[in-house]
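Here UniProt numbering is used: the first residue of the sequence shown is 1, the next is one more, and so on.
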Amino acid sequence: MAASAPPQPPPPLSPSSQPPPKPSSIPHEPSLDSVPDDVALGVAALLGPGDLCSLESCSRFWRGLCSTDCLWAVLSVRRWPSVGTLSPQSLVGRPWPSLGSPAPRSLVDEGEGSSSDSASADRTPSFAFRPPAQGWKSFYISCHQEMAARVTKVIKFVKQCTQNDSLEVGDYLKALAALHTLDLGYDDVKFFLLTVKHSVLLNLIGLHYMIFYLRIPVVANAESLIWWVEGWIAISRAQDIKVIRALRSSDVSGRQVCVKWFKLGRWFYGFRLPDESLYRRISLMEFATSDKEVRNILNRGAIHEVLRVQIIPVIPGTS
């Protein structure tokens with residue numbers, strides 16, 4: 001019986017007949033660097049300086065985009081409006097513009113400023129001049145550092161004047177006047193004074209500066225009320241709640257102070273009544289929104305019938 005032939009191996013597959021490769025089990029995930037430039041620039045334009053620096057550290061793409069002059073130019077003019085009024089010749093090569101000159105504002109005697117004043121303080125003017133010699137980002141950083149150094153001097157002055165955990169109203173007003181010469185803006189007060197690392201006295205000085213010197217309103221205006229089907233709806237503009245938003249975002253709205261003032265006794269039918277010693281314990285939120293009497297007392301100081309005014313921080317947990 002003849003032996004059977006061994007089985008032949010199958011012929012190799014042609015390239016056209018090879019099975020298709022298996023699809024990858026890992027789906028493709030788009031990278032942050034694949035975002036279109038116009039979309040990425042629009043997102044970056046919505047951020048503040050701190051968030052912009054954080055986004056810059058994500059990748060090389062974002063580092064280049066977040067360092068763009070147009071972004072930091074807008075941040076600079078928005079924070080220091082006087083930058084937008086400088087000419088190209090005066091701006092180029094100057095590490096610090098004329099922000100230290102006193103602002104042409106008059107102090108408020110009995111109340112807060114109007115919304116038109118705050119609108120002018122927060123304007124973002126258009127500009128068509130060349131950027132500073134060191135670039136807008138470096139310009140912003142140098143301005144921030146210079147402003148921090150100047151505000152630090154005022155902070156040290158307040159700490160030196162605080163005797164037995166109380167501050168006299170004369171020193172309080174001197175600190176406000178010193179801040180006024182620096183031409184601080186809304187963001188400067190938030191960065192340097194309305195922080196939990198400082199005492200409530202410094203928080204109060206920053207809040208007072210916002211209301212009386214920057215003239216930022218603290219309540220909605222009457223004309224911002226409209227009639228709707230369901231009733232009255234308060235439509236307050238963004239700047240009407242800037243003070244409240246600053247207090248809440250910095251976690252200092254609940255901090256309290258005790259304001260004491262001594263008044264001469266009034267004359268009543270030829271008799272002089274005894275002198276009065278009054279005090280009020282309020283939070284920073286109450287100072288900003290409801291207690292106008294204390295605001296005016298601190299803004300005027302020890303004049304006329306008021307002999308002395310003291311500001312004492314309230315330690316949490318004490319009655």
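Glycine residues also receive a C-beta, built at the ideal position from the N, C-alpha and C atoms. Since this is a predicted model, take the numbers as computed values, not measurements.
Nearest to ILE297 by C-alpha distance, out of TYR279, PRO274 and ASP69, is TYR279. In the displayed model, LEU193 falls within coil according to three-state DSSP, outside both helix and strand. Judged by DSSP in its simplified three-state form, ARG63 adopts helix. Per DSSP, the unbroken alpha helix (DSSP H) holding SER138 starts and ends at 136 to 161.
Of the other Cβ atoms in all chains shown, fewer than 16 fall within 10 Å of the Cβ of TRP267; this residue is therefore exposed. Boundaries of the alpha helix (DSSP H) harbouring GLU56: 49 to 56, taken from the DSSP string. Contact holds between the stretch 285 to 294 and the stretch 203 to 218, because three or more Cβ pairs, one in each stretch, are under 8 Å apart.
Cα atoms of LEU202 and GLY270: separation of roughly 43 Å, rounded to the nearest angstrom. Note on ILE205: 16 or more other CB atoms within 10 angstroms of its CB, so buried under the neighbour-count rule. The Cβ atoms of TRP136 and SER76 lie closer than 8 Å to each other. Ranked by Cα distance from LYS242, the first of ILE141, SER277 and VAL189 is VAL189. Restricting attention to HIS304, ARG79 and SER253, the CA atom closest to the CA of LEU264 is found in HIS304. Two segments are said to touch when three or more pairs of C-beta atoms, one from each, lie closer than 8 Å; by this definition the stretch 189 to 198 does not touch the stretch 165 to 177. In the three-state reduction of the DSSP assignment, ARG281 falls in the strand class.
The beta-carbon separation of SER283 and SER250, rounded to 14 Å, does not stay under the 8 Å limit for a contact.
Nearest to PRO49 by C-alpha distance, out of GLU293, LYS156, PHE139 and LYS292, is PHE139. For ARG300, no beta strand (DSSP E) encloses it; the enclosing alpha helix (DSSP H) starts and ends at 292 to 300. Going by C-alpha positions, SER59 is about 12 Å away from CYS53.
Per DSSP, reduced to three states, the secondary structure at SER249 is helical.
Looking at the DSSP output, SER76 shares a beta bridge with no other residue. Distance from VAL309 to VAL257 at the Cβ level is roughly 12 Å; contact not present, criterion being Cβ atoms closer than 8 Å. Under the DSSP definition of a beta bridge, ILE311 partners with LEU167 and VAL259.
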